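Straight run, no breaks: the sequence shown in our numbering ends on number 547.
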Amino acid sequence: MPSHETLKVELAERSYDIYVGDGLLAEAGALIKPVIRSQRLIVVTDENVAPLYLAGLENSLEAAGLSSESIILPAGEQTKSIAYFEQLIDQILAKRIDRQCTLVALGGGVIGDLTGYAAASVLRGIDFVQIPTTLLSQVDSSVGGKTGINAAHGKNLIGAFYQPRLVLADIDTLDTLPQREILAGYAEVAKYGLIDDPEFFAWLEQTGIDLCNGNKDHRRQAVLKSCQSKAKIVAEDETEQGRRALLNLGHTFGHTLEAETGFSDKLLHGEAVGLGICLAFDLSAHLGLCTK
């Protein structure tokens, strides 16, 4: 029997649940159906994720009596662009959707951000669901409602705050990730220990190697604790007027590094954030704001 835990992002009438656990793709249809307004969904995914998980998701949706179509985009940070955003919108509108339709983002941060922004924009806003399949997207980009795309002037400069109806973080999908992607996501996990929970950071120091090497219990706990921290901060400051800025630790330097490498696979987002955290601490120590 698949096991999962649930927590809630408390945003009054826009509150939503985050499910963290094993086997959630098989349960996706049953979990999604109660929170959407019609039986029609469009799944947006990429060329890497589709062969692994699209059929399983479609089977789960069909078993719940839901009708789905899919849009498959190229994988990679370059897809998070104005050109591909326009292409995605065109494909969605070509399916003659109405405002009751729901988009489902099946993939990592690029697919989640792009699909969320499409949901916020098309027909002035339709529902969407996040099914993140990378460690980074499970602990960070799928939660909190930041959606958007990159521009020539920088990362995430076009977008909207737009909350999903549901987040399903299936730990099983991490089994197919390259080790590089796991390590990149781990930078965001460590960030939560640094900004919100010293005990969690100490736990990561003890379990980090096993977590990165595939220990499912440790992965589940890390995703759950990270989502708890982010959900708490987002509930306090949804649109980043104050405390939510803590979540940007490492991102100022990190986004600059990503821009300098052309938003390419030369430097993954999590890798850039990890480097950015180190640079932020070095600068803080240099300015006398913290000890080395």
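All residues carry an ideal CB built from backbone N, CA and C; glycine is no exception.
What you are looking at is a predicted structure, and each value in this text was computed from that prediction instead of being measured.
Residue interval of the alpha helix (DSSP H) (run including residue i)
| i | result |
| --- | --- |
| Lys-487 | 471-491 |
| Asp-465 | 453-467 |
| Asp-345 | 337-349 |
| Tyr-447 | 434-450 |
| Ile-287 | 279-287 |
For residue i, the three-state DSSP class (helix, strand or coil)
| i | result |
| --- | --- |
| Ala-407 | coil |
| Leu-360 | Looking at the sequence itself, residue 360 is Ala, so the reference to Leu does not match. DSSP places Ala-360 in strand when its eight states are reduced to three. |
| Val-528 | helix |
| Asp-520 | coil |
| Ser-392 | helix |
| Lys-401 | strand |
| Arg-269 | helix |
| Glu-495 | coil |
| Ile-366 | helix |
| Val-304 | coil |
Limits of the beta strand (DSSP E) - the one that residue i falls within
| i | result |
| --- | --- |
| Ala-424 | 421-425 |
| Leu-296 | 295-301 |
| Lys-263 | 259-264 |
| Ile-386 | 382-387 |
Rounded Cβ spacing between residue i and residue j (contact assumed at less than 8 Å)
| i | j | result |
| --- | --- | --- |
| Gly-367 | Pro-387 | 6 Å |
| Gly-363 | Leu-391 | 7 Å |
| Ala-285 | Ala-319 | 5 Å |
| Ala-486 | Ile-273 | 7 Å |
| Leu-504 | Glu-513 | Rounded, the Cβ-Cβ distance is 16 Å, inconsistent with contact. |
Of the listed residues the options, nearest to residue i (C-alpha basis)
| i | options | result |
| --- | --- | --- |
| Leu-530 | Tyr-441, Cys-467, Thr-428 and Asp-382 | Tyr-441 |
| Ser-322 | Glu-341, Ile-352 and Leu-343 | Ile-352 |
| Asp-452 | Leu-538, Leu-501, Lys-547 and Ser-336 | Leu-501 |
Counterpart residues of residue i in DSSP-defined beta bridges
| i | result |
| --- | --- |
| Glu-332 | Answer by DSSP bridge pairing: none, since Glu-332 is not bridged. |
| Phe-416 | Lys-401 |
| Glu-317 | None, per the DSSP bridge assignment. |
Closer than 8 Å to chain B by CB, residue i
| i | result |
| --- | --- |
| Gly-367 | Included in the structure is just one protein chain, with no chain B present. |
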